[in-house]
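Trainee:
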Amino acid sequence: MSDQLNHSFPRFAYKGKTLASRNVAVMPTSTISLAEHLSIFGTPEPYFNSIRHLKKVLDENELHGRGGAAFPLSQKLRGYESHIGEVVIIANGCEGEHLSHKDEVLIRRHPHLVLDGIAILGSALHAKAGYVHIKASQTSVQSVVKKALAERSPLNPFKIEVSTSAPGVGYIAGAETAVISAINRQGGLPVYLPDRPILRGVKKLPTLTANVETLAHLALLARFGSEWYSSVGTAEDSGTRLLTITLPDGSYTVVEVVAGSVFSEVFSALGVSPEQVSCGLLGGYYGQMVDAERLWSLRASHADLKKSGFSFGAGVVALAVGCPIDETAAVLRYLAGESSGQCGPCYLGLPELARAWTDLRPGKVNSSSISRVSGLCDEIAGRGACSMPDGAVLLARSSLSRFRAELLVHQSGRCGYPSSTGRLVPRQGAMVAR
Amino acid sequence: MAGRLQIFINPIACKGHGMCAELLPELIELDEWGFPIIKRRDIPISLIDHAKRAERLCPTLALIVKQD
Chain Y
183 MSDQLNHSFP
193 RFAYKGKTLA
203 SRNVAVMPTS
213 TISLAEHLSI
223 FGTPEPYFNS
233 IRHLKKVLDE
243 NELHGRGGAA
253 FPLSQKLRGY
263 ESHIGEVVII
273 ANGCEGEHLS
283 HKDEVLIRRH
293 PHLVLDGIAI
303 LGSALHAKAG
313 YVHIKASQTS
323 VQSVVKKALA
333 ERSPLNPFKI
343 EVSTSAPGVG
353 YIAGAETAVI
363 SAINRQGGLP
373 VYLPDRPILR
383 GVKKLPTLTA
393 NVETLAHLAL
403 LARFGSEWYS
413 SVGTAEDSGT
423 RLLTITLPDG
433 SYTVVEVVAG
443 SVFSEVFSAL
453 GVSPEQVSCG
463 LLGGYYGQMV
473 DAERLWSLRA
483 SHADLKKSGF
493 SFGAGVVALA
503 VGCPIDETAA
513 VLRYLAGESS
523 GQCGPCYLGL
533 PELARAWTDL
543 RPGKVNSSSI
553 SRVSGLCDEI
563 AGRGACSMPD
573 GAVLLARSSL
583 SRFRAELLVH
593 QSGRCGYPSS
603 TGRLVPRQGA
613 MVAR
Chain W
69 MAGRLQIFIN
79 PIACKGHGMC
89 AELLPELIEL
99 DEWGFPIIKR
109 RDIPISLIDH
119 AKRAERLCPT
129 LALIVKQD
């Protein structure tokens with residue numbers, strides 16, 4: 183292994199603004215050049231030329247994907263082992279989710295760690311080609327990667343290029359099959375590809391897609407070894423992770439946190455107290471609504487959240503200040519409008535779910551409006567080509583079950599909160615980096 | 069249990085004609101918008117011919133019968 187980094191934390195937010203907590207650091211956005219990258223992280227080891235070496239690294243320290251599904255990388259890899267020499271690698275940095283910014287910030291800061299990750303994964307599989315996939319609208323992020331690729335051209339073990347989402351495709355642009363469709367210039371919408379692994383992907387070749395943050399972690403793990411990697415975090419979830427946190431004032435910040443930190447520590451480092459917050463959306467649009475008290479008590483670790491029935495999704499934690507039922511309504515309305523209109527249960531079901539949800543408002547809600555919402559959830563779940571309708575259902579179900587008390591108050595015609603400020607959904611000019 | 073036949077629906081191809089629920093009511097019902105819900109994915113032996121017929125007759129070729 184190369185020289186050890188002489189610190190365990192922060193890793194990505196190195197030289198960033200460290201907060202009053204030893205476990206939370208704010209990501210800076212200035213770009214680390216190749217020269218700086220090499221001076222911080224040392225000269226890279228020759229990339230693995232065999233899948234065995236890579237599997238050994240992942241045996242010592244499993245990486246769960248950071249794109250939303252938290253799928254273990256070693257398991258993903260397994261599907262491509264018999265296709266060595268044919269595989270295309272995609273580093274997915276296309277954050278369709280409006281509340282997520284951590285991939286964009288990571289690429290801006292550490293393009294070379296992401297590219298190291300592709301090179302490591304691709305070399306082990308003797309990949310034919312690699313792509314860094316970025317939203318069409320994020321031209322400056324694309325430039326950062328293009329510049330980094332040019333800087334390191336002698337280091338690239340195979341051809342790596344920047345690809346972009348189809349213009350105009352929003353939330354679902356980052357779905358794996360939509361990414362492949364965009365690269366193949368077939369419209370960039372999700373495709374029905376139920377089989378895993380995807381063996382007919384980009385140019386009909388086996389195609390492995392991994393989130394950019396997952397690849398950056400892989401780069402650190404491969405370079406410094408599992409002992410260093412797991413020197414912070416918990417036994418079940420080692421290292422760190424990036425989170426995009428939407429604050430009560432509507433601004434957002436991307437932070438690196440040590441896995442297993444209690445959320446109360448994360449929020450208090452950012453100067454937010456639970457009294458300022460009515461509820462939170464944990465896991466973003468594929469996640470769940472949760473009350474502030476519960477959210478503050480949870481641990482920011484994949485394993486701990488799973489035990490409590492939650493997930494990070496794409497690493498989104500959005501804090502809201504309005505009525506939780508009303509905040510949920512705003513998100514459901516937004517999601518209904520983001521359907522790509524391909525699957526009936528999604529383009530017909532989500533608008534109906536959003537409409538039925540409005541019947542939970544004060545003075546209107548009764549047992550039949552509640553059962554209508556829950557019946558629609560049962561009807562829609564699991565029936566889209568991508569997981570978007572399932573995300574909406576999970577969100578609706580979580581809000582319905584956690585905010586019973588609020589629904590009871592609504593039955594009496596009142597509500598104890600201000601109405602939704604709409605901060606959980608896009609609104610022009612509303613989201614600003616802090 | 070490898071090799072059992074199952075039904076799948078390509079939700080993008082499906083346009084909600086509802087033919088499958090007519091031909092295979094034991095396994096498929098329609099939702100309130102007329103789109104199919106699979107009640108049971110595994111096809112019992114007695115229904116294999118019916119399932120294959122439904123697959124052939126789906127107007128958008130969205131119904132798929134294949135081995136697990």
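Keeping their order, the protein sequence lines are chains Y and W.
Heads up: take any position in the first sequence, counting from 1, add 182, and you land on this note's numbering.
Heads up: take any position in the second sequence, counting from 1, add 68, and you land on this note's numbering.
In this text, a Cβ means the ideal position worked out from N, Cα and C, and glycines have one as well.
For residue 233(Y), which residues from the same chain have a beta carbon less than 8 Å from its beta carbon, with the 5 sequence-adjacent residues on both sides left out?
Mentor: Same-chain partners within the cutoff: 259, 263, 266, 306 and 307.
Trainee: If you reduce the DSSP assignment to three classes, tell me which class residue 261(Y) lands in.
Mentor: Correct three-state label for residue 261(Y): coil.
Trainee: Flag this pair as yes or no: are the beta carbons of residue 541(Y) and residue 551(Y) separated by less than 8 Å?
Mentor: The answer is yes: Cβ separation under 8 Å.
Trainee: Just grab the DSSP bridge partners of residue 393(Y) for me.
Mentor: The partner list for residue 393(Y) (beta bridge, DSSP) reads 274(Y).
Trainee: I think residue 567(Y) touches residue 372(Y), with their Cβ atoms under 8 Å apart; what is that distance to the nearest whole Å?
Mentor: Right, their Cβ atoms sit about 5 Å apart.
Trainee: For the stretch 115-134 of chain W, enumerate the residues whose C-beta is nearer than 8 Å to any C-beta of chain Y, in chain order.
Mentor: Residues: none.
Trainee: Is there contact here, the stretch 200-210 of chain Y with the stretch 447-456 of chain Y, by at least three beta-carbon pairs under 8 Å?
Mentor: A contact exists between the stretch 200-210 of chain Y and the stretch 447-456 of chain Y.
Trainee: Within the 8 Å Cβ cut-off, does residue 527(Y) reach chain W?
Mentor: By this cut-off, residue 527(Y) is an interface position.
Trainee: Span of the beta strand (DSSP E) holding residue 104(W)?
Mentor: It spans 104-106 - the beta strand (DSSP E) in which residue 104(W) sits, taken as one unbroken run.
Trainee: Going by the beta-carbon positions, is the gap between residue 530(Y) and residue 101(W) smaller than 8 Å?
Mentor: Cβ atoms of residue 530(Y) and residue 101(W): closer than 8 Å.
Trainee: Rounded to the nearest angstrom, how far is the Cβ of residue 352(Y) from that of residue 278(Y), given a contact under 8 Å?
Mentor: With a Cβ gap of about 6 Å, residue 352(Y) and residue 278(Y) count as contacting.
Trainee: Compute the beta-carbon to beta-carbon distance between residue 273(Y) and residue 392(Y), rounded to the nearest angstrom, for a pair I have assumed lies under 8 Å.
Mentor: The pair is a contact, with the Cβ atoms about 6 Å apart (cut-off 8 Å).
Trainee: Could you give the first and the last residue of the continuous beta strand (DSSP E) run that contains residue 457(Y)?
Mentor: Where residue 457(Y) is concerned, there is no enclosing beta strand (DSSP E), given that its DSSP letter is neither H nor E.
Trainee: When you compare the CB of residue 82(W) with every CB in chain Y, is at least one pair closer than 8 Å?
Mentor: Yes, residue 82(W) counts as interfacial toward chain Y.
Trainee: Between residue 55(W) and residue 381(Y), what straight-line distance do the alpha-carbon atoms span, to the nearest angstrom?
Mentor: Outside the modelled stretch of chain W, which goes from 69 to 136, sits residue 55(W), for which no answer is possible.
Trainee: Compare the Cα-Cα distances from residue 343(Y) to each of 504(Y), 275(Y) and 447(Y) and report the closest residue.
Mentor: Nearest option by C-alpha distance: 275(Y).
Trainee: Examine the Cβ distances between the stretch 493-511 of chain Y and the stretch 416-428 of chain Y and report whether three or more of them are shorter than 8 Å.
Mentor: Flag = yes, the stretch 493-511 of chain Y and the stretch 416-428 of chain Y touch.
Trainee: If the criterion is Cβ atoms closer than 8 Å, does the pair residue 80(W) and residue 132(W) meet it?
Mentor: Not closer than 8 Å, so no.
Trainee: Within this structure, are the beta carbons of residue 255(Y) and residue 261(Y) separated by less than 8 Å?
Mentor: Contact flag unset, no.
Trainee: Closer than 9 Å between beta carbons: that is the criterion. Which residues of the stretch 362-377 of chain Y meet it against chain W?
Mentor: Answer in chain order: 371, 372, 373, 374 and 376.
Trainee: Quick one: does residue 112(W) have its CB under 8 Å from some CB of chain Y?
Mentor: Chain Y contact via Cβ: absent.
Trainee: Here's a check: name, in chain order, each residue in its chain whose Cβ is nearer than 8 Å to the Cβ of residue 219(Y), leaving out the five neighbours to either side.
Mentor: These residues qualify, in order along the chain: 292, 294 and 295.
Trainee: Against residue 530(Y), what residues of chain W qualify as contacts under a CB-to-CB distance less than 8 Å, listed in chain order?
Mentor: Here the neighbours are 101 and 103.
Trainee: Let me see if you follow: with CB-CB separation under 8 Å, is residue 79(W) close to chain Y or not?
Mentor: Yes, its Cβ sits closer than 8 Å to a Cβ of chain Y.
Trainee: Based on Cα-Cα distance, which residue from 110(W), 108(W) and 104(W) lies nearest to residue 78(W)?
Mentor: When each option's Cα is compared against that of residue 78(W), the closest is 104(W).
Trainee: In chain order, what residues of the stretch 557-569 of chain Y put their CB closer than 7 Å to some CB of chain W?
Mentor: Taking 7 Å as the Cβ-Cβ cut-off against chain W, the residues of the stretch 557-569 of chain Y that qualify are 561, 565, 566 and 567.
Trainee: May I ask you to report which of helix, strand or coil DSSP gives residue 563(Y)?
Mentor: Coil, per DSSP.
Trainee: As a quick exercise: from 385(Y), 505(Y) and 565(Y), pick the residue whose alpha carbon is nearest that of residue 524(Y).
Mentor: Comparing Cα positions, the closest option is 565(Y).
Trainee: Do you know how far the Cα of residue 195(Y) is from the Cα of residue 438(Y)?
Mentor: Distance between the alpha carbons of residue 438(Y) and residue 195(Y): 6 Å.
Trainee: Nearest CA to the CA of residue 572(Y): which residue from 527(Y), 436(Y) and 360(Y)?
Mentor: Nearest of 527(Y), 436(Y) and 360(Y) to residue 572(Y), Cα basis: 527(Y).
Trainee: Leaving out the 5 sequence neighbours to the left and right, which residues in its chain are closer than 7 Å to residue 193(Y) when beta-carbon positions are compared?
Mentor: Closer than 7 Å at the Cβ level, and outside the excluded window around residue 193(Y), lie 402, 422 and 438.
Trainee: Going by DSSP, what residues sit across from residue 470(Y) in a beta bridge?
Mentor: Paired residue(s): 464(Y).
Trainee: Which same chain residues, not among the five before or five after residue 190(Y), have their C-beta less than 6 Å away from its C-beta?
Mentor: Excluding positions up to five away in sequence, the list reads 413 and 414.
Trainee: Using CA atoms only, rank isn't needed, just tell me which of 440(Y), 509(Y), 280(Y) and 334(Y) is closest to residue 207(Y).
Mentor: Considering only alpha carbons, the answer is 440(Y).
Trainee: Between which residues of its own chain and residue 231(Y) is the CB-CB distance below 7 Å, once the five residues before and five after are set aside?
Mentor: Once the five neighbours on either side are set aside, the close Cβ partners of residue 231(Y) are 305.
Trainee: Could you give the uninterrupted runs of the beta strand (DSSP E) lying entirely in the stretch 474-542 of chain Y, keeping only those of 3 residues or more?
Mentor: DSSP runs (the beta strand (DSSP E)) wholly in the stretch 474-542 of chain Y: 498-502.
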